[in-house]
Amino acid sequence: MTTSGPNDTRTLDDSSGLDDTRPLRRRRLLAGLVGIVAALAFLAVAELGALVLGGAGSPLVAVGSAVIDLAPAGAKDLMVALFGTGDKVALFVLMGVLMVVIAAGAGVLERRRPPFGALVFAVGGALSLLAVTTRSGSGMWDGLPSVLGVGAAIAVLRPLITRLRRWELVAATPTGRPGDPTHQAAIPTGRPGDPARPERRAFLVWTATTAALAVVVGTGARLGSAAMQRAAAVRRAVRLPAAATPAPAVPAGADLDVTGITPYVTPNADFYRIDTALRVPSIDPADWSLRIHGAVAHEVTITWDELLALPLEEHMATLSCVSNEVGGDLIGNALWLGYPIRDLLARAQPKAGADMVLSRSIDGFTAGTPLDVLQDTGTQAMLAVGMNGEPLPAEHGFPVRMVVPGLFGYVSATKWVTEMEVTRFADAQGYWTPRGWSERGPVKLESRIDTPANGSSVTVGDRVAIAGVAWQPHTGVKAVQVKVGGEDWQDAELADSVSADTWRQWVYRWTATSGDHEVRVRAVSTDGQVQTSVERPPAPNGATGWDAITLSAR
Ligand SMILES: Nc1nc2c(c(=O)[nH]1)N[C@H]1C(S)=C(S)[C@@H](COP(=O)(O)O)O[C@H]1N2
Ligand SMILES: [Mo]
């Protein structure tokens, strides 16, 4: 490399020739580009965060709304006059242009006077945080995407600018002025043999890769959030009909007055969720239908409107997961609104020899349910649309799922159900059967201690409420017994329930005696079966054993 030549720029404002000004312009351009890539990183990470947090917290949406709210009436009128119904698109384009300009400026600034470029991003992020958190209905976590976004932007901006400067420095070294890369650096063409070439390559590769990643992630996340919000709006617009056959009122005595006990009815927000879906399926009820086919005389297809026009029934039932450990919380009790599956099967008329219904979710999950259970007039097997007085939450199967009292979820409770194939256990398997779980899964007789917590200390002589829930849906629980240390089994007080299909609360009021005690619980079913003490793991068809806690009284 020579000490003078086309790339040896001597002054910043030298405009005597194209070759002399090009490096300065190019440096500005590249620093500006880095700023824009950092802004893309901000948007990508913020949008991804917003998606993970459930679609709220998007800075793009929040800042746009804030601008609309804050804009003076004249500006709004002007926008509408200029762009008509495209005013919102125009606003986003305007915001985009503004953001590109500011981000590019921040890049240039960061190259000249670090960390002021990063500071511009921090201020932008703070404004975004303000816009997000002051939106009506915003929650505690909605500001997180903005914060993470700023972190990402700065984490992109600073190292890329450093790389750019390193490139400039190497390029400038042969000119004999290595000390001030921001001032006199020249950017060579990057021909082979050029010492600045690896630095140039590294800078360009990092910048391009970051930009591409940000665009892909950001676009994907934004589209995902938009789809989720559309789905949520569709669900909010659903009006379920009143039940033709309402459930009996919950007796006042179903909930015992004991702190720490599980409520008789599980609120939707607290209901356990188990499924194989990485992304909750989003189904517009208008597009939903259920097809009953296979070994049937008549194939039946029913749409959402047709389903809602049928006389719906309400039924309370406790649903539990086969994976629940003894003492575990993969169980909940809810009021379901739906239509009896037996009546739909009656229309299809299953053929002789069939003994299983393979229900299929829109995401491919399947469950194999005994046909006779679904046809039994004494079992309220439902095609459910409502849960505790509202449409099924998305994660619990919106718009339609199955609920079969007495069977574990994996063999019966298909969410987002779109298909029922009448078949035989000999010919088909549900999702979990080839994965080591039993073909059939009746719920086992179980009981759980909710309170006191394991390892609690109590005072000798105190009355201690030992309480929890016990269940064997469809069969029902008729007694619960508690054993403290070496004492005999004692009958607990049982709460009311609406039917054998739900769990029951129980409480045993124990007067604390000195020492460490192990407390055990067992249930007795309405058919006289006593809950087994034999400890089995959840696989292949449900855990067994007695729940236990230790209490120490001093
Ligand atoms: N589509 C679909 N439905 C499904 C599952 C699933 O993975 N996918 N899991 C089942 C299992 S194992 C259980 S225990 C219940 C849980 O229902 P919940 O999430 O509403 O509590 O859903 C059942 N229905
Ligand atoms: Mo489950």
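Position one of the sequence shown corresponds to residue 0 (numbering that gives the first Met the number 0), numbered consecutively onward. Virtual Cβ for every residue (Gly too), placed ideally from N, Cα, C.
- Mapping DSSP to helix, strand and coil, what is residue 464? Residue 464 falls in the strand class under three-state DSSP.
- Closer than 7 Å to ligand 3: residues, by C-beta to nearest heavy atom, in chain order: Ligand 3 is not among the ligands present in this structure, which contains only ligand 1 and ligand 2.
- Query: What first and last residue would you give for the beta strand (DSSP E) that runs through residue 554?
  - Reply: For residue 554 there is no data in the structure shown, the boundaries of the chain being 0 and 553.
- Between residue 414 and residue 160, what straight-line distance do the alpha-carbon atoms span, to the nearest angstrom? Each residue's Cα considered, the two are about 50 Å apart.
- Report the option in 484, 480, 519, 476 whose CA atom is closest to the CA atom of residue 501. Out of 484, 480, 519, 476, the CA that lies nearest to the CA of residue 501 is found in 476.
- Going by other Cβ atoms of all chains shown within 10 Å of its Cβ, with 16 needed for buried, is residue 381 buried or exposed? With 16 or more other Cβ atoms inside 10 Å of its own Cβ, residue 381 counts as buried.
- Message: Less than 6 Å between C-beta atoms, sequence neighbours within five positions excluded: which residues of the same chain meet that for residue 3?
- Response: Any reading at residue 3 must be qualified, since the residue scores a pLDDT of 38, below 50, and its modelled position is unreliable; no value is offered.
- Could you check the C-alpha separation between residue 83 and residue 92 for me, to the nearest Å? One Cα belongs to residue 83, the other to residue 92, and the distance between them is close to 14 Å.
- Item | Beta-carbon proximity list for residue 393, same chain, < 6 Å, skipping 5 on both sides | Counting only Cβ-Cβ distances below 6 Å, and skipping sequence neighbours, we find 279.
- Message: Just checking residue 367 against ligand 1 - is the residue's beta carbon closer than 7 Å to any of the ligand's heavy atoms?
- Response: No, Cβ of residue 367 sits at least 7 Å from all heavy atoms of ligand 1.
- So residue 337 and residue 494 are in contact, right, with Cβ under 8 Å, and what is the actual spacing, rounded? Actually they do not touch by this definition, with Cβ atoms about 26 Å apart.
- Message: In the DSSP output, which residue or residues are listed as bridge partners for residue 271?
- Response: For residue 271, which the question treats as bridged, DSSP gives no partner whatsoever.
- Query: Name the DSSP bridge partner or partners of residue 482?
  - Reply: For residue 482, which the question treats as bridged, DSSP gives the partners 519.
- Task: Within 10 angstroms of the Cβ of residue 401, are there 16 or more other Cβ atoms? Answer buried if so, exposed if not.
- Result: By the Cβ neighbour-count rule, residue 401 is buried, with 16 or more other Cβ atoms within 10 Å of its own.
- Query: What alpha helix (DSSP H) runs, 4 residues minimum, are completely inside the stretch 343-418?
  - Reply: As far as the stretch 343-418 is concerned, its whole alpha helix (DSSP H) runs of at least 4 residues are 370-374.
- Residue from 121, 315, 514 whose Cα sits closest to the Cα of residue 485: Answer by Cα proximity: 514.
- Locate the alpha helix (DSSP H) running through residue 167, then write down its first and last residues. Here the alpha helix (DSSP H) through residue 167 covers 143-171.
- Message: I need the boundaries of the alpha helix (DSSP H) containing residue 336, first residue and last residue.
- Response: From DSSP, residue 336 is part of no alpha helix (DSSP H) but of the beta strand (DSSP E) over 330-339.
- With a threshold of 7 Å, establish whether the CB of residue 318 neighbours any heavy atom of ligand 1. Yes; taking the cut-off as 7 Å, the Cβ of residue 318 has a heavy atom of ligand 1 nearer than that.
- Relative to the C-alpha of residue 37, which residue among 256, 206, 230, 152 is closest? Ranking 256, 206, 230, 152 by Cα distance to residue 37 puts 152 first.
- Whole beta strand (DSSP E) elements within the stretch 501-553, 3-residue minimum: Complete beta strand (DSSP E) runs here, min 3: 503-510, 514-524, 547-552.
- Query: Taking the C-alpha atoms as reference points, what is the distance between residue 546 and residue 304?
  - Reply: About 45 Å.
- Any heavy atom of ligand 1 closer than 7 Å to the CB of residue 360? Relative to the non-hydrogen atoms of ligand 1, the Cβ of residue 360 comes within a distance shorter than 7 Å of at least one.
- Three CB pairs or more closer than 8 Å across the stretch 403-421 and the stretch 312-325: The stretch 403-421 vs the stretch 312-325: in contact.
- Under the three-state DSSP convention, the category residue 441 falls into: DSSP places residue 441 in strand when its eight states are reduced to three.
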